[in-house]
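Take 134 as the starting number for the sequence shown in the working numbering and just add one per residue. Glycine residues also receive a C-beta, built at the ideal position from the N, C-alpha and C atoms. Have a look at the structure below before the remarks.
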Amino acid sequence: MIINSLLRKNNKVKITFDDSSSLYVNYNVAVQFALRKGDNLDEKLLNRLLKADELFDIKAAAYRLIGRRDHSSAELKRKLLKKGFDINLINELITELSEKHYLNDYNFARKYSEEAVDKKKSGINKVRNDLIKKGVSKEIIENVLNDINENTLLENARDLLNKKIKTSAFIKTESRKKKQKLFSYLKSKGYSSDLIMKLLSEYDFSDYE
Numbered sequence: 134m135i136i137n138s139l140l141r142k143n144n145k146v147k148i149t150f151d152d153s154s155s156l157y158v159n160y161n162v163a164v165q166f167a168l169r170k171g172d173n174l175d176e177k178l179l180n181r182l183l184k185a186d187e188l189f190d191i192k193a194a195a196y197r198l199i200g201r202r203d204h205s206s207a208e209l210k211r212k213l214l215k216k217g218f219d220i221n222l223i224n225e226l227i228t229e230l231s232e233k234h235y236l237n238d239y240n241f242a243r244k245y246s247e248e249a250v251d252k253k254k255s256g257i258n259k260v261r262n263d264l265i266k267k268g269v270s271k272e273i274i275e276n277v278l279n280d281i282n283e284n285t286l287l288e289n290a291r292d293l294l295n296k297k298i299k300t301s302a303f304i305k306t307e308s309r310k311k312k313q314k315l316f317s318y319l320k321s322k323g324y325s326s327d328l329i330m331k332l333l334s335e336y337d338f339s340d341y342e
């Protein structure tokens, strides 16, 4: 097909062909291919152009996403697939971003776990489940979780418990149910049964009757 005209519209270029058909590509892609009026785009060249244009859109979407916050590779891939992009081009981009260190699942998991523990006071089990949902490999998850200090988890759980026992809802709870209520509460925060029992053994619940 012969290019009859090229018309720029903001960040897009409308390409009109000699058969009156037309298509839009990103301006940067048009510049990359050095498109000119009168150029003949055979099927092979047209497919290259369309692939480059979609890859440009995928990159733009990916950079917007990782610009807002860090993502795991699988998480970013899922979001790009939801936008309807070609899976092969997505995989190509994921590889490129990993090689350029824009994506690193180990660093992502480490940062996520640190923030979850330090800021949200989440327990190990919740952090693990969250990272699994984000598509991080089990090997990376366990390596990261092994680095979390047990004393930090214990202190965080103690802080949560001390705040909980001061609430009116807890004070109104039947004495025989107080310990189970606290156990369930800390369990919901992702703490292990062993850690919870260790912590609860420090308290004399007769003091809260």
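How would you call Gly323, buried or exposed, if buried means at least 16 neighbouring beta carbons within 10 angstroms? Taking the first residue of the sequence shown as position 1, residue 323 is located at position 190. Counting Cβ neighbours within 10 Å, Gly323 comes out buried, since at least 16 surround it.
Proximity of Val162 and Leu182 at Cβ, strictly below 8 angstroms: Indexing the sequence shown from 1 puts residue 162 at position 29. Indexing the sequence shown from 1 puts residue 182 at position 49. In contact: Val162 and Leu182 (Cβ atoms closer than 8 angstroms).
Contact check, Lys254 vs Asn289, beta carbons under 8 angstroms: Along the sequence shown, read from residue 1 onward, the residue named residue 254 stands at position 121. Along the sequence shown, read from residue 1 onward, the residue named residue 289 stands at position 156. Yes, these two residues count as a Cβ contact at 8 angstroms.
Hey, Leu214 and Leu198: beta-carbon distance below 8 angstroms or not? The residue labelled residue 214 in the question sits at position 81 within the sequence shown. The residue labelled residue 198 in the question sits at position 65 within the sequence shown. Result no, Cβ atoms of Leu214 and Leu198 do not sit closer than 8 angstroms.
Which of the three DSSP states, helix, strand or coil, is assigned to Phe218? Looking up residue 218 in the sequence shown gives position 85. Coil at Phe218, not helix or strand.
Let me check understanding here. Comparing Cα to Cα, which of Gly256, Lys212, Val250 and Ser205 lies closest to His234? Here residue 234 refers to the residue found at position 101 of the sequence shown. Of Gly256, Lys212, Val250 and Ser205, the residue nearest in Cα terms is Ser205.
Among Asp175, Ile135, Ser321 and Leu188, nearest to Lys216 - alpha-carbon criterion: One-based indexing of the sequence shown puts residue 216 at position 83. The residue with the shortest Cα to Cα distance from Lys216 is Leu188.
Tyr336 (DSSP reduced to helix, strand or coil): By 1-based counting over the sequence shown, the position of residue 336 is 203. Correct three-state label for Tyr336: coil.
Just to confirm, is the Cβ distance from Ser326 to Ile257 under 8 angstroms? Translated into positions along the sequence shown, residue 326 becomes position 193. Translated into positions along the sequence shown, residue 257 becomes position 124. No, Cβ-Cβ distance for Ser326 and Ile257 is not below 8 angstroms.
Is the stretch 220-237 close to the stretch 259-267, with three or more CB pairs under 8 angstroms? no
For Thr306, which residues of its own chain have a beta-carbon under 8 angstroms away from its beta-carbon, when the five flanking residues on both sides are left out? Walking along the sequence shown from the start, residue 306 turns up at place 173. Answer for Thr306: Lys314, listed in chain order.
Please state if the CB of Ile223 and the CB of Gly171 are separated by a distance shorter than 8 angstroms. For the purposes of this step, residue 171 is identified with residue 38 of the sequence shown, where counting begins at 1. For the purposes of this step, residue 223 is identified with residue 90 of the sequence shown, where counting begins at 1. Not closer than 8 angstroms, so no.
Throw me the rounded Cβ distance for the Ala242 and Ile265 pair, which I believe falls under 8 angstroms. Along the sequence shown, one-based indexing puts residue 242 at 109. Along the sequence shown, one-based indexing puts residue 265 at 132. The Cβ separation is near 10 angstroms, so there is no contact.
Best match in Lys142, Leu168 and Val277 for proximity to Phe150 [C-alpha to C-alpha]: The residue labelled residue 150 in the question sits at position 17 within the sequence shown. Comparing Cα positions, the closest option is Leu168.
Alpha-carbon to alpha-carbon, Val269 and Lys145: In the sequence shown, counting from the first residue as 1, residue 145 sits at position 12. In the sequence shown, counting from the first residue as 1, residue 269 sits at position 136. Their backbone Cα atoms lie some 37 angstroms apart in a straight line.
Among residues of its own chain, excluding the 5 on either side of Arg291, which ones have a beta-carbon nearer than 7 angstroms to its beta-carbon? As a first step, residue 291 must be located in the sequence shown, where it is residue number 158. Within the same chain, Arg291 has close Cβ partners Leu332.
I'd like the span of the alpha helix (DSSP H) that includes Val260, first residue to last. In the sequence shown, residue 260 corresponds to position 127, counting from 1. Per DSSP, Val260 belongs to the alpha helix (DSSP H) from Ile257 to Lys266.
Three-state secondary structure assigned by DSSP to Thr306: Position 173 of the sequence shown, counting from 1, holds the residue named residue 306. The answer is coil: DSSP assigns Thr306 none of H, G, I, E or B.
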